[in-house]
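J.:
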Amino acid sequence: MASACENDRMTHEQHHTAFETAYQAAQKSLREGGIPIGAALARDGLVIASGHNERVQNGDPIAHGEMSALRAAGRQKSYRDTTLYTTLAPCAMCTGTIIQFKIPRVVVGEGRTFGGEFELLRSRGVEVVVLDDPRCVDMMRTFQDNNPALWAEDIAEEDY
Ligand SMILES: [Zn+2]
111 MASACENDRM THEQHHTAFE TAYQAAQKSL REGGIPIGAA LARDGLVIAS
161 GHNERVQNGD PIAHGEMSAL RAAGRQKSYR DTTLYTTLAP CAMCTGTIIQ
211 FKIPRVVVGE GRTFGGEFEL LRSRGVEVVV LDDPRCVDMM RTFQDNNPAL
261 WAEDIAEEDY
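What follows is the structure, encoded as structure tokens:
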């Protein structure tokens with residue numbers, strides 16, 4: 111009960127700020143020559159931590175944006191009053207982690223350039239909010255067009 115009330119008290123401005131943190135993390139990764147996917151974990155409208163994909167920067171294939179943000183957040187007693195913001199639809203690995211950690215809500219920038227696992231998330235009771243942010247679509251389309259091999263590697267496809 112408490113978690114739903116906490117989330118409901120979040121203002122539009124707080125959602126906006128948390129999502130912008132995820133977007134800026136993606137932009138930072140892009141500037142570093144990495145894959146432009148960012149994420150942020152927030153509680154009561156306040157960002158706990160953020161992160162971005164680190165496949166290129168750290169040679170870490172598990173460090174998707176969501177995973178990096180969760181790692182940066184460190185140990186949490188509970189995630190039931192948190193929201194995870196991410197610029198792109200979560201993959202199966204990140205979806206599994208969201209389910210395992212019992213994160214109740216995910217706010218996603220876009221699911222056009224990568225479908226992700228919305229159905230699996232929703233089937234496990236996770237609320238999925240898709241912003242369909244054109245900045246995120248442009249960011250990923252440009253990246254995918256310019257780096258097809260790297261993108262294919264990140265989503266475990268032979269070709270893209
Ligand atoms: Zn992922």
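For the sequence shown, our numbering puts the final residue at 270, and the numbers step up evenly by one. Ideal Cβ placement from N, Cα and C applies to all residues, glycine included.
What are the start and end residues of each continuous alpha helix (DSSP H) run of 4 or more residues lying completely inside the region 120-181, in chain order?
T.: For the region 120-181, whole alpha helix (DSSP H) runs of length 4 or above, ordered along the chain, are 122-141 and 165-168.
J.: Give the straight-line distance between the Cα atoms of A132 and S139, rounded to the nearest whole angstrom.
T.: Position 22 of the sequence shown, counted from the first residue, corresponds to residue 132. Position 29 of the sequence shown, counted from the first residue, corresponds to residue 139. Roughly 11 Å between the two C-alpha positions.
J.: Going by Cα to Cα distance, which pick from N257, A149 and E142 is closest to H125?
T.: Against the sequence shown, residue 125 aligns to sequence position 15. The shortest Cα separation from H125 among N257, A149 and E142 belongs to A149.
J.: By DSSP's criteria, R215 is part of a beta bridge. Which residues make up the other side?
T.: For the purposes of this step, residue 215 is taken as the residue at position 105 of the sequence shown. In DSSP, R215 forms a bridge with T193 and E237.
J.: In angstroms, rounded to a whole number, what distance separates the CA positions of T193 and L156?
T.: Position 83 of the sequence shown, counted from the start, is the residue given in the question as residue 193. Position 46 of the sequence shown, counted from the start, is the residue given in the question as residue 156. Their Cα atoms are separated by approximately 10 Å.
J.: Which class does E267 belong to by DSSP, given the choice of helix, strand or coil?
T.: The residue given as residue 267 occupies position 157 in the sequence shown. Reduced to three states, the DSSP call for E267 is coil.
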